[in-house]
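Residue numbers (this note's numbering): 1 to 256. See below for the structure under consideration.
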């Protein structure tokens, strides 16, 4: 089975959490082709705040000024990526730290002038993923991309995971987050959703902000041929193994 696992930045703040996730994914990597994508939003917000730079969001996406982009490169593609790779290495996983800029792994164009340097995925260098995975390595990818003119973009980690899942022809995209799943209008976790139902949640204002962006990315992954998208609480022990065993954790999205 081919898997893409996206890990939210909140789950990567402590060494203990990073090691736990790395050890759990080590067993998964021994039996499956695995690509890991990570965010770093909370670390970014703290880094910017310490420098008296505010964070602004539109439709769940961070407005990226030149100062914010510089922080993305330092924090997400730098510190967060290397700390996670180090955790995988300690767990015995031959991880390779990358961003979408490397070997043009993720080519982007500008998503919206209002958002600044925020990229929209347009092309994946799937051969790089095939070569690394086929040689036994686990790509650990930071959410940064570039266009053909050398401009670098901040990319929403969920959108990046969806694009790489499509390019890698993944059977599953697992999004590990700090919430228990997608909530319905009554505040109860929805165990299953179709893409059309997910769109309705956003249209009715039930899914907003980061969850709205997450559902849009999940729907895109399904349109690109990914078998299912699982949005699950990353703090749950053994979460990935349990999901792969069929346990109902979080929310499962399928095309329809």
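Built from N, CA and C at the ideal position, the CB exists for glycine as well.
Assuming contact is defined by CB atoms lying nearer than 9 Å, are residue 99 and residue 131 in contact in what I supplied?
no
Is residue 108 helix, strand or coil by DSSP?
strand
Whole-angstrom C-beta distance between residue 173 and residue 165, which should lie under 8 Å:
4 Å
CA-to-CA distance, residue 179 to residue 205, given in whole angstroms
18 Å
Can you name the start and end residues of the alpha helix (DSSP H) that residue 169 belongs to?
No alpha helix (DSSP H) holds residue 169; DSSP gives it neither H nor E.
Neighbourhood of residue 217 by C-beta, 6 Å cutoff - its chain only, sequence neighbours within 5 removed:
158, 159 and 162
DSSP on residue 151, reduced to helix/strand/coil?
coil
Residue 237: buried (16+ other C-beta within 10 angstroms of its C-beta) or exposed?
exposed
Confirm, please, whether the CB-CB distance from residue 40 to residue 257 is below 9 Å.
Missing from the structure shown is residue 257; the chain here goes from 1 to 256 and no further.
Answer yes or no: the CB of residue 90 versus the heavy atoms of the ligand COA, is any distance below 8 Å?
Absence of the ligand COA from the depicted structure is noted, as is the absence of any ligand whatsoever, leaving it without description.
Proximity winner among 112, 25, 108 and 200, relative to residue 94 (alpha-carbon distances)
25
Ends of the beta strand (DSSP E) at residue 194?
192-194
Pair every Cβ in the segment 229-245 with every Cβ in the segment 11-27, then say whether three or more of these pairs are closer than 8 Å.
yes
Are there 16 or more other CB atoms within 10 angstroms of the CB of residue 213, so buried, or fewer, so exposed?
buried
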